[in-house]
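In terms of our numbering, the sequence shown is numbered consecutively and its last residue is 788. Positions of the beta carbon are idealized from the N, C-alpha and C atoms, including for glycine.
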Amino acid sequence: MVAQPVVAQQGEPAASEAVAERSSEDRIASPSPPPPGVALPDVEPIIGDDEFEKAIPPISAEDDPELDRPLESIAEFERRQTVEAATRPAEGEADAEAAEDAAPPVVDDIPVPALADGDAVEAIGDAPISDSELAAPLPPLDKFDVEPVEFAEAEEADDNRELAYLVQINGLEAADDSSDIDLADLFGDLSALYDGDGKADNAAMIRARLSADGELMQRILASEGYYDAIVSTRIERGPREEGQGRRPITAIIDVTPGQRYRLSDIVIDAAPTVPPGLIADNFLISVGEPIVAQRIQGAEAAIALKLPEEGYPFAEVGQRDILLDPATGDGVYTLPIDIGKRSRFGGIETRGDLAFDADHVAVLARFKRGDLYDSRKVDDLRQALVATGLFSTVAAEPQPTGESAGDDTEYVTMLVTQQAGPPRTIAASAGYGTGEGLRIEGSWTHRNMFPPEGALTFRGVIGTQEQGIGATLRRSNAGRRDRTFELVAEATRSNYDAFEALTGRVGARISYDSTPIWQKKLTYAYGVELIATREDDYDFTAGERSFDFYTILGLSGQVGMDRTDSLLDPTRGFRITSLIQPEGSLAGRFSPYARLRTDISAYYPVTDNVVFAGRLRLGSILGAARERLAPSRRFYAGGGGSVRGFGYQELGPKDPDNDPIGGRSVNEVAVEARYRFGNFGVVGFVDAGQVYRSSAPTFQDLRFGVGLGARYYTNFGPMRFDIATPIARKPGEARVSVYVSIGQAF
């Protein structure tokens with residue numbers, strides 16, 4: 043027998059429908075041949091003919107005598123039909139019999155109820171239509187009114203409206219209590235359900251978040267050593283509350299932590315190191331502690347950092363292997379480490395678009411040939427290269443040479459790859475202070491006009507009381523890292539209450555300074571300068587102000603000690619800076635004198651957000667009377683960088699017109715309470731100071747100013763806005779003084 047496939051074509055009924063619609067003659071008729079052009083595939087018979095015949099049980103006349111009975115003829119069939127019609131009951135009798143037949147059937151002694159029309163059994167076929175509406179004609183389309191179907195219970199639209207939900211975590215407490223970290227808090231920080239703030243667009247979104255959080259919980263538990271943890275998720279709908287259109291939804295995470303695996307053995311597969319315990323002494327995990335992913339990764343990172351710091355630049359930490367025993371909860375940890383060759387610094391090579399050559403790179407390096415390799419010194423060199431500002435990209439990497447350095451070590455060459463960046467910079471700054479007015483400064487700099495690191499800067503100042511131009515030639519890292527050589531030439535015009543001056547100045551200076559990436563504990567500077575200036579001063583003999591010309595030659599020396607935690611915005615520690623400037627007037631006979639000044643500041647953190655800061659300044663001029671000093675070389679006090687609450691240079695001795703004339707000594711004190719929140723801050727301060735005619739400060743007649751300030755902290759330092767008022771204000775002094783600038787007051 044061969045089974046033929048049924049092929050249903052488009053537009054024809056399916057096989058089951060076609061069979062239902064066929065007549066009895068169709069059912070027994072031979073199958074129709076396939077349509078023209080359609081070739082039926084050859085199908086292997088399910089069973090063979092012989093096997094089919096054997097499977098049919100034998101049927102004989104003995105089993106069923108009817109098989110041998112001959113068929114009646116057509117004449118006999120018609121005669122039998124006539125006899126049956128003659129013996130059929132009358133119509134009334136037929137109705138009675140029908141009534142008996144219409145009695146409801148009984149199943150298991152239980153009567154079956156009648157249908158809607160009273161019949162116990164529905165007739166199939168050409169039954170009469172008992173509902174007149176079914177036979178009524180259809181209404182016209184333009185008059186057809188569709189009424190929505192009304193349900194007994196309102197349909198829930200949770201899948202199409204914003205839903206509120208709760209999150210419930212069960213079974214995490216045991217694992218949380220045994221862990222060093224807050225697992226619930228960690229889960230909350232990373233959870234998609236918590237991140238949604240208990241709201242979702244639809245139920246599908248809640249299910250997606252719940253599924254993601256289930257996987258997250260599994261990863262968190264595994265990271266803490268619970269590798270057998272079982273995490274299941276489900277959504278529960280609570281009972282409908284009275285007056286509520288929907289049922290509350292709770293996303294539930296059920297946790298079964300299982301046992302926590304611990305390290306039963308630690309195997310470090312590495313060659314011997316120098317010193318011998320280098321790896322073991324710096325490995326941060328030990329036998330018996332839980333297998334925590336963060337500690338494992340931290341221990342491997344510590345070794346990856348420590349080996350290059352101790353002379354192994356090419357050390358590589360391999361892929362760990364942890365073998366777990368579910369029966370005991372033990373884990374055997376194996377870590378392969380290739381320590382590489384122990385090395386020492388050799389030469390320096392450079393390539394790429396060069397800003398300067400390898401010789402200047404060696405000036406920046408804090409190592410020399412033969413020093414044991416230390417990756418921290420390489421990082422420091424990389425930072426120093428970046429700090430020059432001359433590169434768009436720069437890298438420093440060790441390269442093996444195979445050259446023996448003795449003591450079972452070899453030399454490595456530091457390869458510096460440079461990509462020079464734009465060398466020119468345009469900068470501008472602005473500030474305002476009561477008494478000194480508005481001041482705007484701009485500059486243009488070529489940072490590598492004279493390689494290596496020979497910068498040329500042109501500067502201009504425009505202000506309400508100061509104007510000037512100048513040029514500076516500055517060589518950074520001059521023969522030594524962080525040592526700077528400067529040549530300066532400038533001309534300025536000043537018009538202050540204390541004096542009016544037209545000044546020209548040239549000078550040279552060598553300094554060893556702190557930088558943002560390397561804050562020095564000890565700094566120094568020394569130099570020479572020549573000043574030619576025409577200034578006015580009050581002549582008490584003549585009773586008027588008059589101009590005089592001064593030519594001054596001076597030397598300067600400065601020493602600083604810095605024990606603070608930040609160069610730009612310190613919060614703890616102290617600083618001391620002392621300046622000495624031997625000078626002499628070249629007009630007429632030579633008149634030598636010396637200017638001395640010391641600044642001390644200290645910083646103390648009361649809390650993480652509150653810092654107390656204090657400043658003290660003492661200054662003295664020895665060897666010359668005040669009248670022999672150019673007004674610009676005297677001491678003054680008052681202003682944003684001095685005693686706030688007073689105008690610029692306002693404190694000290696004054697002439698009959700109440701204008702300051704300066705003095706030979708000064709003392710200043712300032713105290714601040716700085717409160718920072720984020721990138722903003724508030725400062726309360728009290729300043730005090732005075733200028734004296736004598737060469738030594740007497741600390742008498744101090745003037746005080748109080749005020750408040752605001753700070754906005756940027757990556758290059760805080761922007762400052764201070765407002766202050768003098769205490770015991772005198773005639774001519776402003777009620778309020780305002781100061782705006784970049785940087786803290788001290």
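- In the three-state reduction of the DSSP assignment, Ala97 falls in the helix class, which pools H, G and I.
- Here Leu258 has Phe229, Leu232, Ser233 and Ala234 as same chain residues with Cβ atoms under 8 Å from its own Cβ, once five neighbours each way along the sequence are excluded.
- By the Cβ criterion, the stretch 379 to 395 is not in contact with the stretch 471 to 480, since fewer than three pairs of Cβ atoms, one from each stretch, lie closer than 8 Å.
- Here the alpha carbon of Ser620 sits roughly 8 Å from the alpha carbon of Leu638.
- Around Val711, the same chain offers Leu658 and Ala730 as residues with beta carbons nearer than 6 Å, after the five sequence neighbours per side are excluded.
- Judged by their CB atoms, Ala357 and Ile345 are nearer to each other than the 9 Å cut-off.
- For the 9 Å CB-CB criterion, Thr514 and Ala520 do not form a contact.
- In terms of Cα proximity to Gly749, the closest of Phe763, Phe727, Gly704 and Thr499 is Phe727.
- Partner residues in the beta bridge of Asp367, as assigned by DSSP, are Asp372.
- Taking the Cα positions, Glu215 is about 19 Å away from Leu208.
- If you look at Ile308, you'll find it isn't in any alpha helix (DSSP H); it sits in the beta strand (DSSP E) that goes Arg304 to Asp311.
- The stretch 447 to 458 and the stretch 583 to 594 do not touch, with fewer than three beta-carbon pairs separated by less than 8 Å.
- According to DSSP, Asp604 shares a beta bridge with Arg617.
- Distance from the CA of Ala178 to the CA of Arg288, rounded to the nearest whole angstrom, comes to 43 Å.
- Comparing C-alpha distances from Ser220 to each of Asp311, Arg386 and Glu331 shows the shortest one belongs to Glu331.
- Taking the C-beta atoms as reference points, Leu693 is found nearer than 9 Å to Gly680.
- Assignment of beta strand (DSSP E) within the stretch 485 to 512, counting only whole runs of 3 or more residues, yields 496 to 505 in chain order.
- Burial state of Tyr635 is buried, judged by a 10 Å Cβ sphere holding 16 or more other Cβ atoms.
- Within the model, the alpha-carbon separation for Gly360 versus Ala341 is close to 13 Å.
- Judged by pairs of C-beta atoms under 8 Å, the stretch 437 to 455 touches the stretch 382 to 393, as three or more such pairs exist.
- Using a Cβ distance threshold of 9 Å, Ala400 and Gly389 count as a contacting pair.
- Secondary structure note for Phe229: its alpha helix (DSSP H) is the uninterrupted segment Leu225 to Leu232.
- When secondary structure is reduced to three states using DSSP, Phe119 falls in the helix class.
- By the Cβ neighbour-count rule, Arg121 is exposed, with fewer than 16 other Cβ atoms within 10 Å of its own.
- Within the stretch 517 to 600, complete beta strand (DSSP E) segments of at least 3 residues are found at 525 to 537, 542 to 554 and 564 to 581, given in chain order.
- Apart from the 5 residues on each side of it in sequence, Leu326 sits with its Cβ closer than 8 Å to the Cβ of Arg337, Gly340, Ala341 and Ala344 in its chain, given in chain order.
- Contact between Glu542 and Glu508 is ruled out by a C-beta separation of about 11 Å, above the 8 Å threshold.
- Taking the C-beta atoms as reference points, Asp604 is found nearer than 9 Å to Leu564.
- Residue environment analysis places Ala271 among the buried positions, since at least 16 neighbouring C-beta atoms fall within 10 angstroms of its C-beta.
- Bridge pairing for Gly388: absent [DSSP].
- A straight line joining the alpha-carbon of Asp224 with that of Asp218 spans about 6 Å.
- Residue range Ser707 to Phe719 is occupied by the beta strand (DSSP E) that includes Glu710.
- The beta carbons of Gly373 and Leu365 sit about 7 Å from each other, so the pair counts as a contact at 8 Å.
- In the three-state DSSP reduction, Asn324 falls in the helix class (H, G or I).
- Here the C-alpha atom of Asp607 lies approximately 19 Å from the C-alpha atom of Met761.
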